[in-house]
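Visitor: The structure that follows is given in the form of structure tokens.
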Amino acid sequence: MTGCAHPRMRSILEAASKFGKVYGIVGGFHGFHDFKAFEGLSLIFPCHCTQYKKEILDSFEGKALECGAGLVIEL
1 MTGCAHPRMR
11 SILEAASKFG
21 KVYGIVGGFH
31 GFHDFKAFEG
41 LSLIFPCHCT
51 QYKKEILDSF
61 EGKALECGAG
71 LVIEL
């Protein structure tokens, strides 16, 4: 989970991968647009401050889903 990640999403994913496999990402991606960093993820939830939300949803159809306050994710 991220807060407002700004363009440092790749660094967040790299740091998280040190603890094990990263299956998905949830949060605000701000102006991040290096979508190759999302390849291999099963779930992508671009939230509040994600500037390229439509592009992410279109590029990762079936993996990227709308999110917002009140969203319940069952694992």
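Going letter by letter, the sequence shown gives residues 1 to 75 in UniProt numbering. Glycine included, every Cβ here is placed at the ideal spot set by N, Cα and C. Here the structure is a predicted model, which is why all the values come from computation and not from measurement.
1. Is A69 helix, strand or coil by DSSP?
2. Could you give the distance in angstroms between the alpha-carbon of I73 and the alpha-carbon of K21?
3. Would you kindly check if the distance between the Cβ of F35 and the Cβ of S59 is under 7 Å?
4. State the start and end residues of the unbroken alpha helix (DSSP H) segment that holds L57.
5. For A5, name the three-state secondary structure that DSSP assigns.
Guide: Reading it off the structure:
1. coil
2. 19 Å
3. yes
4. 53-59
5. coil
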